[in-house]
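Enquirer:
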Amino acid sequence: MAEKLFAEFPPVSTPQWEEVITKDLKGADYEKKLVWKTQEGFAVRPYYRAEDLKDLKHLNSAPGEFPFVRGTRTDNNWLVRQGYCAWESFEKANKQAVDGIKRGVESVGFCIDGNKEISESQMAELLKGINPEKIEINFEGCGCATPSLIKAFIAYVKSCNANPENVYASFDFDPIRTLNTTGNFCCANYVDTLKECIALVADYRRIRVVGVEAYTLNDAGSTLVQELGFALSMGSEYMNILTSAGIAAEEAARRIKFTFAVGANYFMEIGKFRAAKMLWSNIVKEYGAQKECTQKMKIHAVTSQWNMTVYDAYVNMLRGTTEAMSASIAGVDSLEVLPFDYMFREPAEFSNRIARNVQIILKEESHFNKIVDPAAGSYYIESLTASIAENAWNLFKQTEEKGGYTEAFKAGFVQSEIKAAANKKDQNIATRREILLGTNQYPNFTEKADKDVTAKVVTRGAAACDCGCKEKIAEPLEKYRGAQAFEEMRFKTEQSSKTPKAFMLTFGSLAMCRARAQFSCNFFAVAGFEVIDNNRFATVEEGVKAAMEAKADIIVACSSDDDYLEAVPQIAQLTGDKAIVVVAGDPACKDELTAKGIDKFINVKSNVLETLKSYQALLGIK
């Protein structure tokens, strides 16, 4: 008889756990101390148990089975995608794509000018040497000229004698994306264009022609619940448009492809993609699509631009890796890891190679593709999936009650919801509640911006749409990155005629002065200031003398609270108007120091961004 492990340990109930936790908290509020409130609006508890899953109906489904929360396939072999710009040269884009395919790319994405027609000869040049039966081919940026693009592509496919059943391709014609980014559709007859696109690929059931580019919401600072909820509304609107135009629900559904951003919140992103598949399958079913193959959400994921930085840009490799892990675990159909230098220059061969290899390592060395839905059964992730699904569904219903996505967007509902989320994110970054490594925390002290970084790259709003669209029917979403406010501030410092010096005047308690000096060095280096650290001065006079000799612009008093009341006024007196005196910490004597004219303090509660910008202003940096 097999031995039962842990049989001697009696089961422990949730009330028993809670009793011990309450005792350990020693009177502290359980909800405030241990329960995490997400920006998405729901609570995450410190632990989960099997009983938390008792009401979840999807747990009995298998991968490939409705409602597809565990995946739309019975394998996890997602496609490695890489994008190539074809705006300037079809020949160059083709050369890059062919080289990428040789090095592990399974899905190519060509960024095109979607409002310019492409001839059959141009398409042949773009796809030269690419087998449409072996490689998934995708076109990004599709606009009013999409029908001509499709015709040229089909002509190329026929010239290759390819079997239509083996051709996987997509054209992301997405008029709603254009509404999101420009405030207008830019294609007045987009419904007719949608119908024409679907008619053109009637013999190619694996070609998707309608895009739902949900990443545009992420680019504007949305939460992942907002990205999912609004994406579902966008997809539903396309289903409504197409079925109202006489296209069967199953045919409409199989032509739609979703593109989501995948952000930094590791477990939440896994839950997002699992919830997305479950919710979309139910929406499509309600439209009358009975074949399960048409109820499956086709998902392409791309690492988030919003999270990327131009300072300490190599950290983007790490961000892209963790984001790729989330997407692959969640079972997306294809995935693109953006090169680390994507935001400030055309990616070079090195950065493209690293981006490709992130996914190839996940497949070939880490074997992420060998297990379908490895998150299944996790009390935490299953609970997250359910919470995300519930909140996204509520947002979807709110949007539908306003007449659908387009009407809600025209009324400003979508924008106001996303703006509120973005403002909260911005505040969290400014106060370091949310960390962007190398940007608002732990910067590379001596780093200078890459030569390809310009003011436009780091300035929020500088890259607004200038596509020449007609008059706006709604306010567009603002594309930006979370790091831009800090990047712009640091870039201004670098472009100024003088780099300010922040001098750490360390004295008194060794432990306190060193801790506060390290904090302060990190604080001022974020703005590109030169920081001068010191071990400890024997006297305040010695420290001020050294600061003057170093021609410091800012002198930061670093010591214990007990030392400040007497020492800081002395520092201020000795310094005079030759430098700005700043106190590191939030001392009990703050009011007394303020009464003596010392009113500049930095601590963990500071709004880092606004504080540093105020020092820039005092030093004449504009």
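Just so we're aligned, residue 3 is where the sequence shown starts under my numbering, counting upward by one. Even for Gly, the Cβ is constructed at its ideal location relative to N, Cα and C.
1. Measure the C-alpha to C-alpha separation of Val46 and Ala388 and round it to an integer number of angstroms.
2. Expressed to the nearest angstrom, what Euclidean distance is found between the alpha-carbon atoms of Gly545 and Asp601?
3. Taking the straight line between their C-alpha atoms, what separation do you get for Val454 and Tyr382?
4. So, for Gly463: in the same chain, excluding its five sequence neighbours on each side, which residues have a beta-carbon less than 8 Å away from its beta-carbon?
5. Answer yes if the stretch 499–514 comes into contact with the stretch 242–256, meaning at least three C-beta pairs across the two stretches below 8 Å, and no otherwise.
6. Can you name the residues that DSSP bridges to Glu612?
7. Could you tell me which uninterrupted alpha helix (DSSP H) segments, each at least 4 residues in length, are contained entirely in the stretch 518–591, listed from first to last along the chain?
8. With a cut-off of 8 Å, does the C-beta of His60 fall near any C-beta of chain C?
9. DSSP three-state label for Val304, please.
10. Take Phe539 and list the residues in its own chain whose beta-carbon comes closer than 8 Å to its own, dropping the five residues that flank it on each side.
11. Taking only the alpha-carbon atoms, compute the straight-line gap between Cys199 and Asn242 and give it to the nearest angstrom.
12. When you compare each of Phe262, Tyr289 and Ala394 to Ser330 by their alpha carbons, which one comes out closest?
13. Take the Cβ of Val379 as the centre, count every other Cβ of all protein chains shown within 10 Å, and call the residue buried at 16 or more, exposed below.
14. CB Glu338 to CB Gln98, shorter than 8 Å?
15. Compute the Euclidean distance between the alpha carbons of Tyr289 and Pro376, then round it to the nearest angstrom.
16. If you scan the stretch 471–524 from start to end, which runs of the alpha helix (DSSP H) of 4 or more residues do you find wholly inside it?
17. If Ala432 sits next to Leu611, beta carbons under 8 Å apart, how far is it from one beta carbon to the other, in whole angstroms?
18. CB Ile604 to CB Ser511, shorter than 8 Å?
19. With distance defined between alpha-carbon atoms, name the residue in Ser246, Ala171, Gly265 and Ala590 nearest to Tyr217.
20. Less than 7 Å between the CB of Gln98 and some heavy atom of the ligand PLP, yes or no?
21. Does the Cβ of Thr16 have 16 or more other Cβ atoms within 10 Å, making it buried, or fewer, making it exposed?
22. Across the stretch 315–322 and the stretch 275–292, are there enough close Cβ pairs to call them in contact, namely three or more that are closer than 8 Å?
23. Looking at the structure shown, is Lys298 part of a helix, part of a strand, or coil, going by DSSP?
24. By a C-beta neighbour count over all protein chains shown, 10 Å radius and 16 as the cutoff for buried, is Ile114 buried or exposed?
25. Gly145 and Thr401: beta carbons closer than 8 Å?
26. Spatial neighbours of Asn430 within its chain, please: C-beta separation below 6 Å, excluding the five flanking residues on both sides.
27. Quick check: the stretch 581–588 against the stretch 483–499, are at least 3 beta-carbon pairs closer than 8 Å?
Expert: In this structure, then:
1. As a working note, residue 46 is residue 44 in the sequence shown. As a working note, residue 388 is residue 386 in the sequence shown. Roughly 12 Å between the two C-alpha positions.
2. In the sequence shown, the residue the question calls residue 545 occupies position 543. In the sequence shown, the residue the question calls residue 601 occupies position 599. Rounded to the nearest angstrom, the two C-alpha atoms are 20 Å apart.
3. Reading the sequence shown from its first residue, position 452 is the one you call residue 454. Reading the sequence shown from its first residue, position 380 is the one you call residue 382. Sequence check: residue 454 is Asp here, not Val. Asp454 and Tyr382: Cα-Cα distance of roughly 43 Å.
4. Start at 1 with the first residue of the sequence shown, and residue 463 comes out as number 461. Cβ within range, chain order: Glu480 and Tyr482.
5. no
6. Translated into positions along the sequence shown, residue 612 becomes position 610. Beta-bridge pairing links Glu612 to no other residue.
7. 542–551 and 563–577
8. Absent from the structure: chain C. Only one protein chain is present.
9. Mapped onto the sequence shown, residue 304 falls at position 302. In this structure, Val304 counts as strand in the three-state DSSP scheme.
10. Start at 1 with the first residue of the sequence shown, and residue 539 comes out as number 537. Counting only Cβ-Cβ distances below 8 Å, and skipping sequence neighbours, we find Leu507, Thr508, Phe509, Gly545 and Ala548.
11. Numbered from 1 along the sequence shown, position 197 holds the residue referred to as residue 199. Numbered from 1 along the sequence shown, position 240 holds the residue referred to as residue 242. Computed Cα separation, rounded: 16 Å.
12. Counting from one through the sequence shown, the residue named residue 330 turns up at place 328. The residue with the shortest Cα to Cα distance from Ser330 is Phe262.
13. Within the sequence shown, the letter at position 377 stands for residue 379. Correcting the residue identity first, residue 379 is Gly in this sequence and not Val. Exposed.
14. Taking the first residue of the sequence shown as 1, we reach residue 338 at position 336. Taking the first residue of the sequence shown as 1, we reach residue 98 at position 96. Not in contact: Glu338 and Gln98 (Cβ atoms no closer than 8 Å).
15. For this step, residue 289 is matched to residue 287 along the sequence shown. For this step, residue 376 is matched to residue 374 along the sequence shown. About 31 Å.
16. 486–497
17. Here residue 432 corresponds to residue number 430 of the sequence shown, with the count starting at 1. Here residue 611 corresponds to residue number 609 of the sequence shown, with the count starting at 1. 4 Å between Cβ atoms; contact.
18. For the purposes of this step, residue 604 is identified with residue 602 of the sequence shown, where counting begins at 1. For the purposes of this step, residue 511 is identified with residue 509 of the sequence shown, where counting begins at 1. No.
19. The residue given as residue 217 occupies position 215 in the sequence shown. The residue with the shortest Cα to Cα distance from Tyr217 is Gly265.
20. The ligand PLP is not part of the structure shown, which contains no ligands of any sort.
21. Within the sequence shown, numbered from 1, the residue matching residue 16 stands at position 14. With fewer than 16 other Cβ atoms within 10 Å, it is exposed.
22. no
23. Position 296 of the sequence shown, counted from the first residue, corresponds to residue 298. In this structure, Lys298 counts as coil in the three-state DSSP scheme.
24. Looking up residue 114 in the sequence shown gives position 112. Buried, because 16 or more other Cβ atoms sit within 10 Å of the Cβ of Ile114.
25. Mapped onto the sequence shown, residue 145 falls at position 143. Mapped onto the sequence shown, residue 401 falls at position 399. Cβ atoms of Gly145 and Thr401: not closer than 8 Å.
26. Here residue 430 corresponds to residue number 428 of the sequence shown, with the count starting at 1. If we look at Asn430 and ignore the five residues flanking it on each side, its Cβ neighbours are Glu436.
27. no
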